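Numbered by the numbering used here, the letters in the sequence shown go through residues 26 to 188 in order. No residue lacks a Cβ here, since even glycine has one placed at the ideal position from N, Cα and C. Given the structure is predicted, the values throughout are model-derived calculations rather than measurements. Here the structure comes first, spelled out in C-alpha cells, and everything after it is commentary.
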Amino acid sequence: MRPTVAIVGRPNVGKSTLFNRLVGKRLALVDDTPGVTRDRRMGDARLGDLEFAIVDTAGLEEAEADSLSARMRAQTEEAIRSADVVLFLTDSRVGLTPLDHHFAELVRRSGRPVILVANKSEGRVGGAGAYEAYELGFGDPVPLSAEHGEGLSDLYDALMPYC
Ligand code: GDP
Ligand code: MG
C-alpha cells in the first residue's frame, strides 16, 4: 500500500518548498513569513518510481496559549500520527534552534520512523549546518536543497524502504 509521509519541522525550514517539489504542483503556500502554512495539505507525491501520499504541516509555534498555535500544534501531531514515516527538516544555513529541539521531541514521542533532512544544503555553506543536525539523535542527516532540487537521489534511497 502507498505509504503516507509527513513533512515536519519548525517554520521556515522549507517544508512547503519540499512538498511542492515532490507533488510537482504549487499546492502548498510558500512564504518567508514563518508559520504561513496554517493547515495540513495532502498531495500525491512522486520521487523517481516511488509513489506516496505526502502531508505538509504548519509549524508549531512557541506561544502555547495562543489558540491558533494550539490548532497548528494539533494539526502537526495529527499529521505525525497518520504518517508511516516522518521527514524531519532542519535548516542547514541557520543551524539548530531551540524550536528544532522542541519539534524533534514531539516526533520522538510519537515513535514514528524519522528521516532527518538537512534542507538548504545547496553549495558549500550547507556542510556545517547539516553536520549539526546529528545532535537531534535521528541518525545521519540527508543533505538536501528543496529549492534547487539537490540531494533528491539520497532522499530517494532513504524513502525506498518505506515505499
Ligand atoms: P516552511 O515554513 O517550512 O513551509 O518553509 P517554506 O517552504 O515556506 O520556505 C521558507 C523559505 O525558505 C522560503 O523563502 C523558501 O524559498 C526558502 N527555502 C526553501 N527551501 C530552500 C533551500 O533548499 N535552500 C534555500 N536557500 N532556501 C530555501
Ligand atoms: Mg509551509
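Range of the contiguous alpha helix (DSSP H) that encloses residue i
| i | result |
| --- | --- |
| residue 183 | 177-184 |
| residue 125 | 123-135 |
| residue 113 | Careful: residue 113 lies outside any alpha helix (DSSP H), inside the beta strand (DSSP E) at 110-116. |
| residue 41 | 40-48 |
Distance between residue j and residue i (C-alpha atoms, nearest Å)
| i | j | result |
| --- | --- | --- |
| residue 161 | residue 117 | 13 angstroms |
| residue 26 | residue 77 | 9 angstroms |
| residue 110 | residue 181 | 13 angstroms |
| residue 168 | residue 146 | 6 angstroms |
| residue 183 | residue 119 | 24 angstroms |
| residue 45 | residue 170 | 13 angstroms |
| residue 131 | residue 185 | 24 angstroms |
| residue 158 | residue 133 | 15 angstroms |
| residue 138 | residue 154 | 22 angstroms |
| residue 89 | residue 166 | Low local confidence applies: a pLDDT of 47 at residue 89 is under 50, so the model's placement there is unreliable, and no value is given. |
| residue 39 | residue 95 | 21 angstroms |
| residue 188 | residue 113 | 17 angstroms |
| residue 125 | residue 103 | 18 angstroms |
| residue 98 | residue 172 | 25 angstroms |
| residue 29 | residue 75 | 12 angstroms |
Cβ-based neighbour list, residue i, same chain, cut-off 7 angstroms, excluding 5 preceding and 5 following
| i | result |
| --- | --- |
| residue 178 | none |
| residue 48 | 68, 69, 70 and 79 |
| residue 73 | 181 |
Top-ranked residue by Cα proximity to residue i, from the options
| i | options | result |
| --- | --- | --- |
| residue 175 | 42, 26 and 131 | 42 |
| residue 163 | 148, 74, 170 and 128 | 128 |
| residue 32 | 101, 159 and 75 | 101 |
| residue 107 | 143, 158, 66 and 72 | 66 |
| residue 123 | 99, 139, 143 and 34 | 34 |
| residue 121 | 140, 156 and 148 | 156 |
Residue i in three-state terms, based on DSSP
| i | result |
| --- | --- |
| residue 73 | coil |
| residue 107 | coil |
| residue 120 | coil |
| residue 148 | coil |
| residue 83 | coil |
| residue 171 | coil |
| residue 164 | coil |
Start and end residues, beta strand (DSSP E) containing residue i
| i | result |
| --- | --- |
| residue 144 | 139-144 |
| residue 33 | 29-33 |
Other residues of its chain near residue i: CB distance less than 6 angstroms, five sequence neighbours each side excluded
| i | result |
| --- | --- |
| residue 135 | 105 |
| residue 142 | 112, 114, 167 and 169 |
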